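Novice: Below you'll find the structure I mean.
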């Protein structure tokens, strides 16, 4: 019985066996039509300000609710109010208010090596199965609960890690809450726009600005370790690719290119950066080794080749080219060898988009099976996904301008920016891979070019 | 003030005329001269037209304004295009001629795009447009060392609207004079 909850949601992700479990009625291909109800009462404060415990509880609830996969049972409905993390709950009290799962937690202040730390602990119960739901910890061990400790200023990260653990336990997928988003913060009039590099937690908290706004910056991306950001800046007059080190809070120009460089992304191993160099009207893609600072040319074509993105195994690159007459998506081998194209024939680069419209900004999914893109068609813009063989194109969004997708690290959610109508300013949005759960990400200023970090350590 | 004075003068004249044109009275017993107030005629306003000394009109030759007004500082491109139209070629021929007259002037050619494309593709397209302008000027004899290029993609629109007319203006190659300008 304990497996029932997990299986139902796993089925929702297309992972489980087709066991008939009418209770949840979820199908990820269509999106979740009936979210799973879970109860997450405020965690018990032990030797700590109850406001801290409440804050952590609220962030856990908000994270899980933001997925669209869960509804949080409201506090007013609770019957049992004397929960104890070490004691099984009265399951009947939670069945009657129709919570499928119950999360019980504590927040404590502890002292370790003279430092005051905050510790959050949770257990989760399968209400209908009347059993404890065991977790897998970060070392892969089966554990009866999860416990995270950090400094008082980072308590929100405890909440995100707890939410990731719950999400992962219930869906069978990695979470994506303990992550950050880097983006371009925009202010000022359209013809004198100030664009700054900004970073925030994935839920919009802790916004920090990394550049002053003296120079326009665009298109940031995280390194796989989330400690570096590569982006383009007009500092020095012409666009060039830069690296920003978050630990040292320092930036450096990447490479010694004599002409404009732009559209940078890290390789999957973090050892190189893919970028575009434009020389005398021709843009081509290069791969620069970050150790040797030597770059290798990957495309050599008189058309525009830009917006490269590497497959998770590092062997392939999808990019944008107008070599066929309009901007379309092409896939090539990173080593430049000839391949058999899905549309027939052999070529170094194979076109994979043939629908009506213009395709750009391809981003290979972390799972490797899909490519997200921007599509422009009949005066509208869309975010969509397509198989790496060009099959199964699906458009997830539509507006006056939807641009620049990037994936959550688990490949379930896509963030992008939108200008909802002519003259509207850009804002950050996210949408589930199913096309459901379209949500605005709140930012203090107008915002564009979001990029998602990997899960933090 | 002068208008007001002229009006009172007109009324006075009218009153006078009315008094003079009255029909003949029966034989008056007492002849009383009608009181006619003779107004001083308003001195006629004399407008003297004098010829002003001739001042130079139009921009100073070799100035930024001269370049903008008499040459043209931008060429427009069709949607998604980077080919130079006949109009654009005409403007660039004037730019090349002007630059040959002012050999100290160096220029920055910026390639711009409308907002109906993605940032990265437009950065590439803007660079292509700037390069096409530069190459045309070089073909006409301008020293390439005098020409820098930059792409602003869709980041620096000249026209702020979101309509066909604004987008047409924002697809351009824009020539800025960056040094050696007169005045």
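Residue numbers (this note's numbering), protein chains in the order written: chain A, 13 to 469; chain B, 62 to 244.
Where is the CB? At the ideal position from N, CA and C, for every residue including glycine.
Predicted model, so just to flag it, every value in this text is computed and none were measured.
What residue range does the alpha helix (DSSP H) around residue 120 of chain A cover?
Specialist: Indexing the first chain from 1 puts residue 120 of chain A at position 108. Where residue 120 of chain A is concerned, there is no enclosing alpha helix (DSSP H), although the beta strand (DSSP E) it sits in stretches over 113 to 124.
Novice: Are the beta-carbon atoms of residue 171 of chain B and residue 203 of chain B separated by less than 7 Å?
Specialist: By one-based count along the second chain, residue 171 of chain B stands at place 110. By one-based count along the second chain, residue 203 of chain B stands at place 142. Contact flag unset, no.
Novice: Please work out which residues of its chain come closer than 6 Å, Cβ to Cβ, to residue 382 of chain A, disregarding the five sequence neighbours upstream and downstream, and give them in chain order.
Specialist: If you number the first chain from 1, residue 382 of chain A lands on position 370. These residues qualify, in order along the chain: 397.
Novice: Compare the C-alpha of residue 339 of chain A against each of A:117, A:330 and A:305 and name the closest.
Specialist: Within the first chain, the letter at position 327 stands for residue 339 of chain A. Ranking the options by Cα distance to residue 339 of chain A, first place goes to A:330.
Novice: Going by DSSP, what residue range makes up the beta strand (DSSP E) through residue 230 of chain A?
Specialist: Locating residue 230 of chain A in the first chain gives position 218, where the first residue counts as 1. It spans 229 to 234 - the beta strand (DSSP E) in which residue 230 of chain A sits, taken as one unbroken run.
Novice: In chain B, what lies closer than 7 Å to residue 230 of chain A by C-beta?
Specialist: Taking the first chain and counting its residues from 1, one reaches residue 230 of chain A at position 218. Here the neighbours are 180.
Novice: Does the Cβ-Cβ distance between residue 232 of chain B and residue 175 of chain B come in under 7 Å?
Specialist: Along the second chain, read from residue 1 onward, the residue named residue 232 of chain B stands at position 171. Along the second chain, read from residue 1 onward, the residue named residue 175 of chain B stands at position 114. Closer than 7 Å, so yes.
Novice: Could you spell out where the alpha helix (DSSP H) holding residue 4 of chain A opens and where it closes?
Specialist: Because chain A here runs from 13 to 469, residue 4 of chain A falls outside it and cannot be looked at.
Novice: Does any residue of chain B bring its CB to less than 7 Å from the CB of residue 319 of chain A?
Specialist: Start at 1 with the first residue of the first chain, and residue 319 of chain A comes out as number 307. Chain B contact via Cβ: present.
Novice: Who are the neighbours of residue 295 of chain A on chain B, taking C-beta pairs under 7 Å?
Specialist: One-based indexing of the first chain puts residue 295 of chain A at position 283. The contacting residues are 185 and 188.
Novice: Give me, in chain order, the residues of the same chain whose beta-carbon lies closer than 8 Å to that of residue 471 of chain A; leave out the 5 immediate sequence neighbours on both sides.
Specialist: No information on residue 471 of chain A is available, as it lies outside the stretch 13 to 469 that chain A covers here.
Novice: Once DSSP output is grouped into helix, strand and coil, what is the label at residue 394 of chain A?
Specialist: Here residue 394 of chain A refers to the residue found at position 382 of the first chain. Residue 394 of chain A: strand per DSSP, three-state reduction.
Novice: Please classify residue 145 of chain B: does DSSP put it in a helix, a strand, or coil?
Specialist: Counted from its first residue, the second chain places residue 145 of chain B at position 84. Coil.
Novice: Does DSSP classify residue 164 of chain A as helix, strand or coil?
Specialist: As a working mapping, residue 164 of chain A is identified with position 152 in the first chain. Note: residue 164 of chain A maps to helix in three-state DSSP.
Novice: Reducing DSSP to helix, strand and coil, say where residue 82 of chain B ends up.
Specialist: In the second chain, counting from the first residue as 1, residue 82 of chain B sits at position 21. Confidence in residue 82 of chain B is poor, its pLDDT being 45 and thus under 50, which makes the residue's placement too unreliable to answer from.
Novice: Work out the CA separation of residue 467 of chain A and residue 421 of chain A for me, nearest whole Å.
Specialist: Within the first chain, residue 421 of chain A is the residue found at index 409, counting from 1. Within the first chain, residue 467 of chain A is the residue found at index 455, counting from 1. Straight-line Cα distance between these residues: approximately 7 Å.
Novice: Does DSSP put residue 352 of chain A in a helix, in a strand, or in coil?
Specialist: Within the first chain, residue 352 of chain A is the residue found at index 340, counting from 1. The answer is strand: DSSP assigns residue 352 of chain A an E or B state.
Novice: For residue 118 of chain B, count neighbouring Cβ atoms within 10 angstroms of its own Cβ and tell me buried if that reaches 16, exposed if not.
Specialist: The residue you call residue 118 of chain B lines up with position 57 of the second chain. Exposed, because fewer than 16 other Cβ atoms sit within 10 Å of the Cβ of residue 118 of chain B.
Novice: Whose C-alpha, out of A:257, A:412 and A:311, is nearest the C-alpha of residue 390 of chain A?
Specialist: As a first step, residue 390 of chain A must be located in the first chain, where it is residue number 378. Nearest C-alpha to residue 390 of chain A: A:412.
Novice: Using beta-carbon positions only, say whether residue 120 of chain A and residue 170 of chain A come within less than 7 Å of one another.
Specialist: Here residue 120 of chain A corresponds to residue number 108 of the first chain, with the count starting at 1. Here residue 170 of chain A corresponds to residue number 158 of the first chain, with the count starting at 1. No, Cβ-Cβ distance for residue 120 of chain A and residue 170 of chain A is not below 7 Å.
Novice: By the three-class DSSP mapping on this structure, what secondary structure does residue 292 of chain A have?
Specialist: Taking the first chain and counting its residues from 1, the one referred to as residue 292 of chain A is at position 280. Reduced to three states, the DSSP call for residue 292 of chain A is coil.
Novice: Pair every Cβ in the stretch 220 to 229 of chain B with every Cβ in the stretch 184 to 195 of chain B, then say whether three or more of these pairs are closer than 8 Å.
Specialist: No, the stretch 220 to 229 of chain B does not touch the stretch 184 to 195 of chain B.
Novice: Excluding sequence positions up to five away, which residues of its chain have a Cβ less than 7 Å from the Cβ of residue 83 of chain B?
Specialist: As a position in the second chain, residue 83 of chain B is number 22, starting the count at 1. Bear in mind that a pLDDT of 48 at residue 83 of chain B, under 50, signals an unreliable position, so the model cannot answer this.
Novice: Quick one, which residues of the stretch 207 to 227 of chain B are near chain A if we go by CB-CB under 9 Å, in chain order?
Specialist: Per Cβ criterion, the list reads 209, 210, 211, 212, 213, 214, 216, 217, 218, 219, 220, 221, 222, 223 and 224.
Novice: Just how far apart, CA to CA, sit residue 76 of chain B and residue 105 of chain B?
Specialist: Position 15 of the second chain, counted from the start, is the residue given in the question as residue 76 of chain B. Position 44 of the second chain, counted from the start, is the residue given in the question as residue 105 of chain B. No answer about residue 76 of chain B holds up, because its pLDDT of 41 lies below 50 and its placement is not dependable.
Novice: Just to confirm, are residue 139 of chain A and residue 82 of chain A a CB contact at a threshold of 7 Å?
Specialist: Residue mapping note: residue 139 of chain A aligns to position 127 of the first chain, counting from 1. Residue mapping note: residue 82 of chain A aligns to position 70 of the first chain, counting from 1. Cβ distance not < 7 Å, so residue 139 of chain A and residue 82 of chain A don't count as in contact.
Novice: Determine the chain A residues that contact residue 192 of chain B at a beta-carbon separation under 9 Å, and present them in chain order.
Specialist: For the purposes of this step, residue 192 of chain B is identified with residue 131 of the second chain, where counting begins at 1. Residues of chain A passing the Cβ test: 290, 291, 292, 293 and 294.
Novice: Just checking my contact of residue 228 of chain A with residue 246 of chain A at CB under 8 Å: how many whole Å lie between their CB atoms?
Specialist: On the first chain, residue 228 of chain A is found 216 positions in, with the first residue counted as 1. On the first chain, residue 246 of chain A is found 234 positions in, with the first residue counted as 1. Residue 228 of chain A to residue 246 of chain A, Cβ: 5 Å. Contact.
Novice: Could you tell me the alpha carbon to alpha carbon distance between residue 117 of chain A and residue 176 of chain A, rounded to whole angstroms?
Specialist: By one-based count along the first chain, residue 117 of chain A stands at place 105. By one-based count along the first chain, residue 176 of chain A stands at place 164. Using only the alpha carbons, I get a separation of about 15 Å.
Novice: Would DSSP call residue 18 of chain A helix, strand or coil?
Specialist: The residue you call residue 18 of chain A lines up with position 6 of the first chain. At residue 18 of chain A, the pLDDT of 44 sits below 50, so the modelled position is not reliable; the number obtained from the coordinates is stated separately. The answer is helix: DSSP assigns residue 18 of chain A an H, G or I state.
Novice: By the DSSP assignment, the beta strand (DSSP E) with residue 234 of chain B in it spans what residues?
Specialist: Reading the second chain from its first residue, position 173 is the one you call residue 234 of chain B. It spans 233 to 240 - the beta strand (DSSP E) in which residue 234 of chain B sits, taken as one unbroken run.
Novice: When the cut-off is 7 Å and only beta carbons count, does residue 202 of chain A lie next to chain B?
Specialist: Numbered from its first residue, the first chain carries residue 202 of chain A at position 190. At least one chain B Cβ lies under 7 Å of residue 202 of chain A.
Novice: Check residue 33 of chain A in the structure and name its three-state DSSP category.
Specialist: Residue mapping note: residue 33 of chain A aligns to position 21 of the first chain, counting from 1. Because residue 33 of chain A carries a pLDDT of 33, less than 50, the predicted location of this residue cannot be relied on, and the following value inherits that uncertainty. Residue state, collapsed to three classes: coil.
Novice: Could you pull the start and end residues of the alpha helix (DSSP H) that residue 188 of chain B belongs to?
Specialist: Taking the second chain and counting its residues from 1, one reaches residue 188 of chain B at position 127. Segment 180 to 200, the alpha helix (DSSP H) holding residue 188 of chain B.
Novice: Is residue 93 of chain A buried or exposed, if buried means 16 or more other CB atoms sit within 10 Å of its CB?
Specialist: Stepping through the first chain from its first residue, residue 93 of chain A is reached at position 81. Exposed, since its Cβ has fewer than 16 Cβ neighbours within 10 Å.
Novice: Would you say residue 426 of chain A lies against chain B (beta-carbon separation less than 7 Å)?
Specialist: In the first chain, counting from the first residue as 1, residue 426 of chain A sits at position 414. Output row for residue 426 of chain A: interface = no.
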